[in-house]
Amino acid sequence: MRPWQRRPGDRRWLLTRERHQPSVKAVVLSRRRWTAAAQPNRWISTAFAVALVATLAAPSRTFAWSAACNTSSEVSHGVAQNEAHTGVIGAQAIIEWFNDALCTNANPSTVSLSSAWVALEGSSALDIYQVGFDKCQQAGCSQGNPAGTSFYFLAYGRNGNATCPGQVLPLAQEAPKGLAGAGSLTYSVVKEPDPDHPSQYKYFASIDGVVQGSQTTTAIEGCWGGVVQGQYADEVYDYGDQTGGTVRNHQGFTYVRWHDATYWRAMNRVYSSPCDVINDPTNEHCNVASNHHDWFFSWDARAP
Amino acid sequence: MSTTRRSGPVLVLTLLLSGCLVRAGGSPETAPGSTLTAVSLGSPSPDAARVMELCAVAPHTEQVIGMALVPYARDVAKYARLTGGEIELQSDHPAWVVAFRGPIAYTTLSFSAGAVTAYDPVCVVVDGVRTVFVTSGTQFQDGTFVTAPPAPTPELALPTLAP
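Chains A and B, in that order, are what the protein sequence lines are. Here this note's numbering is used: position 167 in the first sequence is 167, and no number is missing along the way. In short: position in the second sequence from 1, add 304, done, that's this note's numbering.
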C-alpha cells in the first residue's frame, strides 16, 4: 500500500498526488508563456523545468510484467464502482494510469486492451457515454484508433426507440487530447449549460477540465430514457492483459464523484469494501481505500 | 429596412461566389449537382482514406454495399437504410457514408456491451466523428440479440467502391 493511503493526516500524500499530475502543470505554464510577455524567458525556463521534473516524477513500473495472449480466454472483464441514483447527471474521478502492459504475441484476431474511464449509463446495454484512456492491439482496437500506444477516448452508444431510431454502437474514438501518457488526470461527464446556447444544456465529456466532446440532452435523456448511473471502471479483455495496477502499485480512482441535480456528491463507501464489479476475482482486485470513502484501488494479482 | 434592401444583391453575389469557391475546392469525389461519385478503393483521397480507417473498410471490402460523401448529413437516409430521424444526422454538414451488408464484429469498451456483432451496419463520419448505426440488429457476447427498429429501403443507391 502507498504511504499516502496509510497517513490521512500527513500532508505528504498531497505532495505525492501532485507528483502524479505532470502534464497539467506543464500545459498551464506553457499557456501562460504566451500571455506573460513581460518575462517570457522566466516562464519558458519554468515550463521547461516543470516539464522535466514531471517527466522524471511520472509513475513508472519497477519492472515490466507481461503474459502471453490467450485468445481462448477473451471476455470483457475488469473492475468498477457504479453510483446509481435517481437524477444523476454527472460522473467524475481522478484516474491513475501506468501505461500498462498488454499481452504478448498477439495475432490479428486477438482482442487485447487495457482501458479505464468514467461514464454515464442508461438502461440498455448500448447506453453509455464514456471518457477515458485506452491501450489496445489487434482486434482489441476500435477501428481507426492508434494501436499499441495509449490514447484518450470518447464513446457514445444508444439503443433505438421512437425518439431515436437506429442503434448506435459505443465505439471508442480517439479524443482531441490525443495520445495518453502515464499520470493522473480528472475525467468527467456532466450536464452543464451550453456556452454557445446558455439557455440550453448539454452533457460534456472533459479531461482535466478541457472539453473533449458533448452530447445533447436528447441523446442522453431522450434516447436512453434517462441516466441510470455513473460508472468508474477499468477493463481488460485478453487473459494476458494487465489490469490497471500491480501488487506494489495499485491503480487509483480518487475523488470519485457523482452529480445530482445541483451538486457534486462524493462516493461514500465503507472503508476497504470490495468494488461493485470484479469480473475475475482470481486475478483482479479492487477495494475502497482504508481511509477515504471516495477512493478505490485496483490491481492485478499476477503483476508484482 | 433600407439596409436590408441594399444588402440583398450583395448577399446573393456572396452566396454565388461562395458556392463557386466551395465547388472549386470541394472533394473530387463529389460531382456537381450532388450526384455521388464512387470512391476508389486503391487510391482514395486523404479524407476518404481516413474514413476507410474509421469504418474498417479494408477488412470488410466484400461486405461494402457502397461508400460516398453525402453533401448534407440529414440526407444520409436517402442513400442508406436509416429512418432519417437519427439525431446524430440532423445537420447540414457533409457526411461520409459506408454501408455494409451482413455481420461485422466490433469491440466496445463497455461491460454491458462488450464485444458485439452488428448486422448491416452503416458507418457515418461527420466532422471527423464516427457513428456506427446498426440497421438490423446487434448480437451481444452472451448471445442476446437486440433487433434494431425497422427502417425503409433507401430511395437512392450509394455508389459501390471503385477499383
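Here a beta-carbon is modelled for each residue, glycine too, at the ideal position from N, C-alpha and C.
In the displayed model, Ala-139(A) falls within coil according to three-state DSSP, outside both helix and strand. Contact with chain B is found for Val-168(A), since one of that chain's Cβ atoms lies less than 9 Å from the residue's Cβ. In the displayed model, Met-356(B) falls within a helix according to three-state DSSP.
According to the DSSP secondary-structure assignment, Ile-391(B) is paired through a beta bridge with no residue.
Scanning the segment 91 to 171 of chain A for uninterrupted beta strand (DSSP E) segments of 3 residues or longer gives 111 to 121, 128 to 138, 151 to 157, listed from N- to C-terminal end.
For the segment 400 to 429 of chain B, residues whose beta-carbon sits nearer than 7 Å to a beta-carbon of chain A comprise Tyr-410, Thr-411, Thr-412, Leu-413, Ser-414, Phe-415, Ser-416, Ala-417, Gly-418, Ala-419, Val-420, Ala-422.
Within the segment 169 to 254 of chain A, the complete beta strand (DSSP E) runs of at least 3 residues fall at 173 to 179, 183 to 194, 197 to 207, 210 to 216, 229 to 238. Our two residues, Tyr-376(B) and Ser-115(A), have alpha carbons roughly 35 Å apart in a direct line. Per DSSP, Gly-447(B) lies in no beta strand (DSSP E) and is assigned neither H nor E. In this structure, the CA atom of Leu-358(B) is about 8 Å from the CA atom of Asn-145(A). Following the DSSP letters along the chain, one finds Val-75(A) inside the beta strand (DSSP E) bounded by residues 74 to 84. The beta-bridge partner set that DSSP reports for Asp-280(A) is empty. The alpha carbon of Gln-229(A) has as its nearest neighbour, out of Ile-278(A), Glu-235(A), Asp-260(A), the alpha carbon of Asp-260(A). Contact check for Val-236(A) and Thr-243(A): beta-carbon distance about 5 Å, within the 8 Å limit, so the pair qualifies. A distance below 7 Å between beta-carbons, with the five flanking residues on each side excluded, links Gly-346(B) to the following residues of its chain, in chain order: Pro-467. Cβ contact annotation for Ala-409(B) (same chain, cutoff 7 Å, sequence separation greater than five): Ala-419, Thr-421, in chain order. What Phe-437(B) touches in chain A, judged by beta-carbon distance under 7 Å, is Gly-166, Gln-167, Val-168, going in chain order.
In this structure Gln-92(A) is buried. Its beta-carbon is surrounded by 16 or more other beta-carbon atoms within 10 angstroms.
Non-local beta-carbon contacts of Gly-148(A) in its own chain, meaning distances under 6 Å to residues more than five positions away in sequence, involve Gln-137 in chain order. Assignment of His-259(A) by DSSP, reduced to helix, strand and coil, places it in the strand class. Exposure of Asn-105(A) is indicated by the presence of fewer than 16 other C-beta atoms within 10 angstroms of its C-beta. Residue contact check for Ile-391(B) against chain A: a CB pair falls below 9 Å.
Take the alpha-carbon of Asp-294(A) and the one of Ile-369(B): they are about 50 Å apart. Between the C-alpha atoms of Asp-134(A) and Ala-303(A) there is a straight-line separation of about 19 Å. The Cβ atoms of Asn-82(A) and Gly-240(A) do not sit closer than 9 Å to each other.
At a cut-off of 9 Å between beta-carbon atoms, Gln-445(B) makes contact with chain A.
The Cβ atoms of Gln-130(A) and Arg-434(B) lie no closer than 9 Å to each other. Of the candidates Val-426(B), Gln-367(B), His-364(B), Val-426(B) places its Cα closest to the Cα of Glu-390(B). Taking C-alpha positions only, Phe-444(B) is separated from Ser-184(A) by approximately 33 Å. Interface flag for Thr-365(B) against chain A is unset, since no Cβ pair is found closer than 9 Å. Ala-384(B) is positioned such that its CB atom lies closer than 9 Å to that of Val-428(B). By the Cβ test, the segment 212 to 220 of chain A is not in contact with the segment 253 to 273 of chain A, since fewer than three Cβ pairs between them sit closer than 8 Å. Looking at the DSSP output, Ile-408(B) bridges to Ala-422(B). DSSP, reduced to helix, strand and coil, places Pro-274(A) within a strand of the structure shown. Relative to Val-270(A), the option among Asn-159(A), Asn-291(A), Asn-279(A) whose CA is nearest is Asn-291(A).
Taken through DSSP and simplified to helix, strand or coil, Thr-442(B) comes out as strand.
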